[in-house]
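Visitor: One structure, pasted below without further comment.
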Amino acid sequence: MNDFERLNVLVLAGGISHERDVSLRSGRRVADGLQSHGHRVTMREPDAELLAYLREERPDVVWPALHGASGENGALRALLAASGVPYVGAEPEPARVAWLKPIAKTVVARAGVPTPQSVTLPRETFRELGANAVLSTLRDFLGAPLVVKPSQGGSAQGVTIVDDESDLPRAMVTAYTYADVALLERKVVGTEVAVTVLDLGDGPQALPAVEIAPNQGVYSFEARYNAGETHFFTPARLAAEVAERAARTAVAAHNALGLRHISRVDLIIDAEGTPWFLEANVLPGLTETSLVPLAIQAAGFDLGAVYVGLAEQAIKDFDQALLSR
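Heads up, the sequence shown is in the numbering used here, so the first residue is 379 and it goes up one at a time.
So this is what it looks like as structure tokens:
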């Protein structure tokens with residue numbers, strides 16, 4: 379994986395999203411991994427001085443470890459591209475598509491990937507058509523159990539499992555706290571897994587799936603980032619053919635969305651062994667309790683070497699794009 383001499387890498391972490399603390403933890407882990415392989419790392423916030431810093435310092439590559447809108451909705455990536463700096467991860471438009479969960483579901487469904495039936499509702503719909511009428515229609519159409527979530531965002535913030543239809547109004551209020559659009563999704567009962575898709579130059583490959591088994595039954599924000607709140611099984615406890623099906627589904631979703639370098643595709647596998655697409659993360663968490671590091675280690679790779687390999691691949695892709703202009 380190490381084709382370059384000592385790199386000057388800028389790791390971006392922090393920001394102003396709800397996932398700031400998670401981002402800082404991810405950024406530190408990435409920085410530690412890069413430094414362990416002898417590379418020079420600067421870690422900084424995406425602030426008002428960032429673009430000037432890029433012009434003056436010209437890092438060899440930017441490693442965004444920014445969760446939430448600041449790092450995943452495509453805007454910052456567009457500015458990095460405009461600044462002429464290589465960066466790890468999805469390009470602006472695919473990042474924007476993946477960030478908007480309803481749009482991502484539409485894209486992968488058109489590619490033949492199963493995804494749970496859902497309805498997308500802006501907050502304004504309730505004011506225009508009346509909350510009672512809207513909620514009654516949703517109950518009749520989707521029933522329960524449901525998953526209600528903001529149309530964008532990560533770390534399960536604003537997500538509610540609705541087992542009783544009477545809990546739907548509160549779930550909608552919770553989702554709207556985080557976004558102006560809510561996604562209501564029919565809950566598929568099964569095994570929840572996360573599949574990391576990695577591309578270090580030989581095409582996207584699925585790493586061993588991580589099975590998620592929260593102690594309290596729900597993979598909440600607390601269950602994600604507090605050690606001991608969730609049990610993880612890597613590889614997931616799946617039959618070989620089901621594990622292979624999940625891997626193919628994850629790569630198909632990654633490709634349909636046009637992602638690159640690294641992604642994490644979240645799936646639920648039903649009793650018949652069918653993987654259902656839930657969402658794709660263009661910058662998944664890389665903390666000490668995150669799923670992607672578990673998958674990388676289960677595949678037999680060194681974390682630092684993978685982070686270096688992704689930085690190198692970003693530079694190669696940038697150079698190739700320049701040559702093809």
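Idealized CB from N, CA, C, for every residue including glycine. Remember, predicted model here, so these are calculated numbers, not experimental data.
Taking just the CA atoms, how far does residue 586 sit from residue 616?
Guide: 11 Å
Visitor: Here's the rule I'm using: 16 or more other beta-carbon atoms within 10 Å means buried, otherwise exposed. How should residue 515 be labelled?
Guide: exposed
Visitor: Quick one: measure Cβ to Cβ for residue 458 and residue 661, integer angstroms, because I've assumed they're closer than 8 Å.
Guide: Not really, about 13 Å apart at Cβ, beyond 8 Å.
Visitor: Please determine if the region 536-555 and the region 643-662 are in contact, where contact requires at least 3 C-beta pairs separated by less than 8 Å.
Guide: no
Visitor: Does the count of Cβ pairs from the region 497-516 and the region 573-584 closer than 8 Å reach three?
Guide: no
Visitor: Can you tell which of 643, 501, 578 has the C-alpha that lies nearest to the C-alpha of residue 491?
Guide: In this structure, 643 is the residue among 643, 501, 578 with its C-alpha nearest to the C-alpha of residue 491.
Visitor: For residue 598, collect the residues of the same chain with a Cβ closer than 6 Å to its Cβ; drop the 5 residues on either side in sequence, then sort them by chain order.
Guide: Its pLDDT being 49, under 50, residue 598 is placed unreliably in this model, and the value from its coordinates should be taken loosely. Sequence-distant partners of residue 598 (beyond 5 residues in either direction) whose C-beta falls short of 6 Å from its own C-beta, in its chain, are 534.
Visitor: Could you say which of 696, 488, 686, 613 lies nearest to residue 407 if we only look at CA atoms?
Guide: That would be 686, whose Cα lies nearest to the Cα of residue 407.
Visitor: Looking at the structure shown, is residue 389 part of a helix, part of a strand, or coil, going by DSSP?
Guide: strand
Visitor: Say whether the region 416-435 touches the region 690-702, bearing in mind that this needs 3 or more beta-carbon pairs closer than 8 Å, one atom from each stretch.
Guide: no
Visitor: Taking its Cβ as the centre, do 16 or more other Cβ atoms sit within 10 Å of residue 475, making it buried, or is it exposed?
Guide: So residue 475 ends up on the buried side.
Visitor: Check whether the region 663-676 and the region 612-631 touch, using three or more Cβ-Cβ pairs below 8 Å as the test.
Guide: yes
Visitor: Please report the distance separating the alpha-carbon of residue 495 from that of residue 629.
Guide: 21 Å
Visitor: Could you give the distance in angstroms between the alpha-carbon of residue 401 and the alpha-carbon of residue 441?
Guide: 12 Å
Visitor: Could you check what DSSP says for residue 530 in three-state terms: helix, strand or coil?
Guide: Correct three-state label for residue 530: coil.
Visitor: Considering only heavy atoms of the ligand NAD, does any lie closer than 7 Å to the CB of residue 465?
Guide: Among the components of this structure there are no ligands whatsoever, and the ligand NAD is therefore not found.
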